[in-house]
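Q: Going by our numbering, the first residue of the sequence shown is number 24, and it counts up by one from there.
Glycine included, every Cβ here is placed at the ideal spot set by N, Cα and C.
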Amino acid sequence: MESIDIFSLSWVGVFFAVVFAFFIRGVVGFGNALVLAPILILIVSPKPVVVINILLGMVSHAVLLIYAFRSINVRIVIIMAVCCLVGIPLGTWIIKVIASSDLKVLIGGLTVFFAILIMLGLTPAFRRERLASGISGFLSGILLSATSLGGPPAVLFMHNQNWSKEMVHSSLAVYFFFACLFALIALAVSGVVDAKTVVTAASFLPAMLIGLALGMMAFFRIHPQFFRRLSIAVVIVTGILGILSGLGVLS
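1) Looking at C-alpha atoms only, which residue of 72, 88 and 67 is the closest neighbour of residue 55?
2) Is residue 28 helix, strand or coil when you go by DSSP?
3) I think residue 271 touches residue 68, with their Cβ atoms under 8 Å apart; what is that distance to the nearest whole Å?
4) Is it buried or exposed, residue 175, if we count other Cβ atoms within 10 angstroms and call 16 or more buried?
5) Quick one, which of 179, 121, 122 and 79 has its alpha-carbon nearest residue 156's?
6) Output the residue ranges of the alpha helix (DSSP H) runs that lie fully inside the region 197 to 269 and measure 4 residues or longer, sorted by chain position.
7) Using a Cβ-Cβ cut-off of 6 Å (strictly less than) and excluding sequence neighbours within five positions of residue 226, which residues of its own chain qualify?
8) Identify which residue in 58, 62, 84 and 64 has its Cα closest to the Cα of residue 232.
9) So, with DSSP's three-state summary, where would you put residue 66?
10) What's the C-alpha gap between residue 137 and residue 122?
11) Measuring alpha carbon to alpha carbon, tell me which of 39, 42, 51 and 35 ends up nearest residue 256.
12) Quick one: what does DSSP say residue 95 is sitting in, helix, strand or coil?
13) Quick one, which of 219, 248 and 245 has its alpha-carbon nearest residue 27's?
14) Give the secondary structure of residue 148 by DSSP, where H, G and I count as helix, E and B as strand, and everything else as coil.
15) Alpha carbon to alpha carbon, how far is residue 238 from residue 53? Give it in angstroms, no decimals.
16) If distances are taken between C-alpha atoms only, which option among 144, 96, 158 and 160 comes closest to residue 189?
17) Whether or not the region 133 to 148 and the region 192 to 204 are in contact is what I'm after, with contact meaning three or more pairs of Cβ atoms, one per stretch, closer than 8 Å; do they touch?
18) Quick one: Cα of residue 62 to Cα of residue 74, how far?
19) For residue 44 and residue 59, which I take to be in contact (beta-carbon distance under 8 Å), what is that distance rounded to the nearest angstrom?
20) In three-state terms, what does DSSP make of residue 272?
21) Could you round the C-beta distance between residue 263 and residue 131 to whole angstroms and report it? I think they count as a contact, below 8 Å.
22) Could you give the distance in angstroms between the alpha-carbon of residue 224 and the alpha-carbon of residue 204?
23) Applying the 10 Å Cβ sphere with the 16-neighbour rule, what's the burial state of residue 211?
24) Please check the pair residue 109 and residue 46, which I expect to be a contact at CB under 8 Å, by giving their CB distance rounded to whole angstroms.
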C-alpha cells in the first residue's frame with residue numbers, strides 16, 4: 024500500500040502511534056522514527072514510510088527551534104550539518120559496495136559499544152570540539168544515507184562533551200532539521216516524494232504536535248542525569264535494532 028486512507032481504522036492506529044513517537048522525540052530530542060517506522064511499515068510500503076518520518080520530523084524540529092534557539096551551540100551545529108551534507112554522497116557510494124545488512128550489523132555493534140562507554144563515563148570529552156563535531160557530522164551523514172542510522176554519532180558526541188540537557192535537546196533539533204531537509208531534497212530529486220504521501224503526512228501533524236507538547240512538558244521536569252541516561256539508552260536500542268535488522272531477524 025502506498026498511502027493510508029484518512030480516518031480509516033489504520034489511520035487512527037497510526038495517529039496514536041505518532042503521538043507516542045513524538046512524545047519520545049519531545050523528551051529525548053530524537054527517536055521518533057525508531058518508534059514510528061516499525062508500525063508504518065506494517066501498513067504502507069517502505070518509501071512512503073521514509074518520507075512520512077522525514078516530513079513529520081522536519082516540522083517537529085522547526086517547531087522546537089521557535090522556543091529553543093538561545094540554547095543552541097550554533098557554531099558546532101553548523102559544522103556538523105555541513106559535514107553531514109559532505110558525508111551523505113559517500114554513504115550512497117558505500118551502500119553500492121558493501122551490503123546494507125553487513126553495514127547495519129557493524130555500525131549497530133559499534134554504536135552499542137561506544138554508547139555503553141559514554142554512559143559509564145569511560146570516554147573523555149574531546150578537547151578539539153570543532154574537529155570532533157565535524158567528524159561526528161560526517162559519520163552521521165554517511166550512516167544516514169547508507170543505513171538510515173544517522174542519529175547516534177551526533178547524539179553520542181553531544182553527550183560525550185557533557186553539554187547541558189537544554190543544549191543537547193535544542194542543538195539536536197537544528198542538526199536533525201538540516202539532516203531531514205537534505206534527505207528530503209534527495210528523495211524529491213529521486214522521485215520518491217509524491218502528493219499522496221505529503222497529504223498523508225500532513226494529516227498526522229495534529230498527532231505530532233500533541234505528542235511533542237506532552238514530551239516537552241516531561242522534558243522540563245526530568246533530571247539532567249536521567250535525561251542523559253534515557254537518551255543514551257535510546258541510542259543503544261537503535262544500535263541493537265540495527266544489528267537485528269542486519270541479521271534478518273526483523274525482516
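A: The relevant details are as follows:
1) Within the sequence shown, the letter at position 32 stands for residue 55. Of the candidates 72, 88 and 67, the one whose C-alpha sits nearest the C-alpha of residue 55 is 72.
2) What you label residue 28 is simply residue 5 of the sequence shown in a count that begins at 1. DSSP places residue 28 in coil when its eight states are reduced to three.
3) Counting from 1 along the sequence shown, the entry for residue 271 is found at position 248. Counting from 1 along the sequence shown, the entry for residue 68 is found at position 45. Not really, about 19 Å apart at Cβ, beyond 8 Å.
4) Here residue 175 corresponds to residue number 152 of the sequence shown, with the count starting at 1. Result: buried.
5) As a first step, residue 156 is located in the sequence shown; it is residue number 133 there, counting from the start. Among 179, 121, 122 and 79, the Cα nearest to that of residue 156 is on 179.
6) 218 to 226, 228 to 242 and 247 to 269
7) On the sequence shown, position 203 is the one that residue 226 refers to. Contacts found: 29.
8) Residue mapping note: residue 232 aligns to position 209 of the sequence shown, counting from 1. If we check each option's Cα against that of residue 232, 84 comes out closest.
9) By one-based count along the sequence shown, residue 66 stands at place 43. Looking at residue 66 - three-state DSSP - the assignment turns out to be coil, as it is neither helix nor strand.
10) Against the sequence shown, residue 137 aligns to sequence position 114. Against the sequence shown, residue 122 aligns to sequence position 99. Cα to Cα, residue 137 sits roughly 23 Å from residue 122.
11) Here residue 256 corresponds to residue number 233 of the sequence shown, with the count starting at 1. The residue with the shortest Cα to Cα distance from residue 256 is 51.
12) In the sequence shown, counting from the first residue as 1, residue 95 sits at position 72. Residue state, collapsed to three classes: coil.
13) Counting from one through the sequence shown, the residue named residue 27 turns up at place 4. The residue with the shortest Cα to Cα distance from residue 27 is 219.
14) Locating residue 148 in the sequence shown gives position 125, counting from the first residue. Note: residue 148 maps to coil in three-state DSSP.
15) The residue given as residue 53 occupies position 30 in the sequence shown. The residue given as residue 238 occupies position 215 in the sequence shown. Distance between the alpha carbons of residue 53 and residue 238 is about 11 Å.
16) As a working note, residue 189 is residue 166 in the sequence shown. When each option's Cα is compared against that of residue 189, the closest is 96.
17) no
18) Stepping through the sequence shown from its first residue, residue 62 is reached at position 39. Stepping through the sequence shown from its first residue, residue 74 is reached at position 51. So the alpha carbons of these two residues sit roughly 14 Å apart.
19) Here residue 44 refers to the residue found at position 21 of the sequence shown. Here residue 59 refers to the residue found at position 36 of the sequence shown. The Cβ separation is near 4 Å, so the contact holds.
20) Counting from one through the sequence shown, the residue named residue 272 turns up at place 249. Note: residue 272 maps to coil in three-state DSSP.
21) The residue you call residue 263 lines up with position 240 of the sequence shown. The residue you call residue 131 lines up with position 108 of the sequence shown. Indeed, because the Cβ distance is near 7 Å, the residues count as touching under 8 Å.
22) Reading the sequence shown from its first residue, position 201 is the one you call residue 224. Reading the sequence shown from its first residue, position 181 is the one you call residue 204. Each residue's Cα considered, the two are about 15 Å apart.
23) Counted from its first residue, the sequence shown places residue 211 at position 188. Label assigned to residue 211: exposed.
24) Residue 109 sits at position 86 when you count from the first residue of the sequence shown. Residue 46 sits at position 23 when you count from the first residue of the sequence shown. That belief does not hold up - the Cβ atoms of residue 109 and residue 46 are roughly 33 Å apart, past 8 Å.
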